[in-house]
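Protein chains in written order, with my numbering: chain R, 1 to 298; chain Y, 1001 to 1242.
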Amino acid sequence: MVRNSDAFGSLHPVVVFGYFVLVVGVSVVFLHPLILTVSFVGALAYAFYLVRWAGLRKLLPGLMLLMVIAALFNPVFNHRGVTTLFYWEDNPITLEAVVYGWVAALMVGSVLLWFVSYNQVMTSDKFLCVFGHVVPALSLTFAMVLRFVPRYLAQAKRIAAAQRGIGRDVASGNWYARARHGAAVLSIMLTWALENAVDTSDSMLARGYGLPGRSAYNDFRWRERDLMGALALGGGLLVVIVASVAGVLRAEYFPAIELNPAVPLAWLVIGVWALVCFAPLLLGLKEEVTWRSFRSNS
Amino acid sequence: MNPWVRLAWVLSLTGIPLVLLLGVLFPFERSYYFVAFAVILLAIVPFFAAFEGRKPAAREVVIIAVMTAIAVTGRAAFFMVPQFKPGVAVVILAGVGLGRESGFVVGALTGFVSNFIFGHGPWTPWQMFAYGLIGFLAGVFFSRGAAERNGLGRGSRSYKPWIIGYGTVATFVIYGLLVDTASVMMWASEFTWPAIFAIYLSGVPFNALHAFASAVFLTLLSTLIVEKLTRLKTRYGMFQPR
């Protein structure tokens, strides 16, 4: 299950999950060009660190396309703003809407890039650790589904091979024949799965499912560095959120573009935000440097 | 009723109007985005709480996991044909065979788990709720009939056509609208009707194909799956109302 064990991902899942929720939240809520630029670059750098070119090459063209569409989509449908650039089919295209479109595109891009890292770092076992205590029955069901899916995919291949042997190939015939053969495989698999399910549940009962005092399995320990990480990241995020709500970082696009003056305090907040956004990457790099320095060069 | 379940219902039933009211009273730039997101999350809460509060038996947990895994496998196994997937059909039949609460859980978990394969994003809660609602409504409309007739019935007394009709409409309207709304949230950073209309319109071909796929798979699978589930239920005495 561990796809990428970088330093940030080795923190306690609660910290990792909270970090992603809050960073994505801040990026979505406060549409400030600087906050979003920093968030975008931070997300891109961390995603690159995790999946390298091989992973990003498949994603980036689509991502760029999505961002361009998001940027163009806005001025076409949004005609607020005082600075008209030109008229397109009798509709005013305003400077404010164009700028707002690009800011929105940055938002979409950074959210999607954060989710690239999220999908790498926040594996299902970590998700179970976060929610196993809150919703035990659902988490158990979820864990079972995770085990069943690869098992069923393998079984589906076997059934499909057997069906091919009696002339019901999933990959031949017209589309309806294919769908019919696919449905037959699914139905046969269901019978097999339900038979197993009865055994599984009897086995669960025999091992004491549902008895009082049972706890959720948890492979993650809360250590000192998790507390440090939570305090540092949480503190940084708190500063950014409070400052944005208090108006230190303010961006309004309609009717006219209005940014807060570039006072030192605003730059300080941006700096804190940059540290928060780059924290996972910096943590990973620091760990690699430490690792290299410990390696004997003889 | 379990106090936690009651708390969840209170939270959801007071929370949703409260969030909507706050959104109307204190509108800020793009507040509808957060209002909609909060409403979707709050709407999922009572269904999950009901499942937790019921303290489901081992067999029910396993059967729900099996149906979810079949739906996810279906979604993953037909990956080569976009939108032509049996996921919604399996969720509907789980709702018909196992009842509305299990229908919701199977649906919501299907949306959630399959995104570990297809990738999570801001659309995940929307997909979860859409699948869940489809499974829940299938249970509301058809599960009692399935229990009484030990299956879907035969010939003119069969209500299979109704299930197929429901599945087609539900896929197009419920799933299509909810998931396209998630795209509206992504694309249209500004709430204007033409923009929203443009996004819904661009979704129509995909949703139509998806709805067609549901109809096809419901035609092929509904009798088979519902009979298997009702047989299992009567044989082992599962999912009985308590």
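Cβ atoms here follow ideal geometry from the backbone N, Cα and C, with glycine treated the same way.
CA-CA distance, Ala1077 (chain Y) and Val248 (chain R)? 51 Å
So, are the CB atoms of Phe220 (chain R) and His12 (chain R) less than 8 Å apart? yes
Which residue's Cα is closest to the Cα of Phe115 (chain R): R:Pro212, R:Val242, R:Leu63? R:Leu63
The ligand ADP and Phe115 (chain R): does the residue's C-beta get closer than 7 Å to at least one heavy atom of that ligand? You won't find the ligand ADP in this model; it holds no ligand whatsoever.
Sequence ranges, alpha helix (DSSP H) only - wholly within the region 21 to 100 of chain R, length at least 4: 33 to 77
Neighbouring residues, chain R, relative to Thr1168 (chain Y) (Cβ below 7 Å): Here the premise fails: no neighbours, minimum Cβ distance about 15 Å.
By a C-beta neighbour count over all protein chains shown, 10 Å radius and 16 as the cutoff for buried, is Arg147 (chain R) buried or exposed? exposed
In terms of alpha-carbon separation, which member of Y:Phe1116, Y:Arg1154, Y:Gly1087, Y:Ser1158 lies closest to Ala1130 (chain Y)? Y:Gly1087
For Met1128 (chain Y), return the contacting residues in chain R, with the cut-off set at a CB-CB distance below 7 Å. Correct list: empty, because the minimum Cβ distance to chain R is about 12 Å.
How is the alpha helix (DSSP H) around Ser1214 (chain Y) delimited, first residue to last? 1193 to 1236
Tell me the DSSP secondary structure of Leu259 (chain R) in three-state form. strand
CB contact check: Tyr118 (chain R) to chain Y, cutoff 8 Å: yes
Of all the residues that make up the region 67 to 94 of chain R, which are near chain Y by a beta-carbon distance shorter than 9 Å? Ile69, Ala70, Phe73, Asn74, Val76, Phe77, Asn78, His79, Arg80
Taking Cβ-Cβ distances shorter than 7 Å, what residues in chain Y pair up with Leu146 (chain R)? Val1113
Would a C-beta distance cut-off of 8 Å place Ser27 (chain R) and Ser110 (chain R) closer than the cut-off? yes
Would you kindly work out how many angstroms separate the C-alpha atoms of Val1045 (chain Y) and Leu1109 (chain Y), rounded to a whole number? 13 Å
Which residues of the region 1083 to 1105 of chain Y have a Cβ closer than 9 Å to any Cβ of chain B? Give them in chain order. Although the question refers to chain B, the structure presented lacks it and instead comprises the protein chains R and Y.
Taking Cβ to Cβ, would you say Ala216 (chain R) is nearer than 8 Å to Gly132 (chain R)? yes
Which residue from Y:Leu1013, Y:Thr1014, Y:Val1035, Y:Ile1016 puts its Cα closest to that of Gly1023 (chain Y)? Y:Val1035
For the region 1062 to 1073 of chain Y, list every residue whose C-beta sits within 7 Å of some C-beta in chain R, in sequence order. Val1062, Ile1063, Ile1064, Ala1065, Val1066, Thr1068, Ala1069, Ile1070, Val1072, Thr1073
Could you check what DSSP says for Ala251 (chain R) in three-state terms: helix, strand or coil? strand
Closer than 9 Å, Cβ to Cβ, to anything on chain Y: give me those residues from the region 32 to 66 of chain R, in chain order. Leu66
Have a look at Y:Ala1195, Y:Ser1222, Y:Gly1203 and flag the residue whose alpha-carbon is nearest the alpha-carbon of Trp1166 (chain Y). Sequence check: residue 1166 (chain Y) is Tyr here, not Trp. Checking every option, the nearest Cα to that of Tyr1166 (chain Y) belongs to Y:Ser1222.
Could you say which of R:Asp199, R:Trp291, R:Leu128, R:Leu283 lies nearest to Gly42 (chain R) if we only look at CA atoms? R:Leu283
Return no unless some Cβ of chain R is closer than 8 Å to the Cβ of Leu1109 (chain Y). yes
Proximal residues of chain Y, C-beta to C-beta of Val111 (chain R) below 7 Å: Pro1122
Would you report the Cα separation of Leu281 (chain R) and Leu60 (chain R), rounded to the nearest angstrom? 19 Å
Let's test the definition: count the other Cβ atoms within 10 Å of the Cβ of Ser293 (chain R) and tell me whether it reaches 16, buried, or not, exposed. exposed
Nearest to Val1106 (chain Y) (by Cα), restricted to the options R:Glu287, R:Ser201, R:Val23, R:Val145: R:Val145
Cα-Cα separation, Val98 (chain R) to Ala45 (chain R): 26 Å
Contact set between Val1010 (chain Y) and chain R, taken where Cβ atoms lie within less than 9 Å: Chain R residues near Val1010 (chain Y): none, gap ~18 Å exceeds 9 Å.
Going by beta-carbon coordinates alone, are Ala1038 (chain Y) and Val1019 (chain Y) separated by less than 8 Å? yes
By DSSP, does Val242 (chain R) sit in helix, in strand, or in coil? helix
Sequence-distant residues of the same chain with beta carbon closer than 8 Å to Ala183 (chain R), five excluded per side: none
Whose C-alpha, out of Y:Leu1177, Y:Ser1158, Y:Phe1026, is nearest the C-alpha of Trp1126 (chain Y)? Y:Leu1177
Please report the distance separating the alpha-carbon of Arg214 (chain R) from that of Ala232 (chain R). 34 Å
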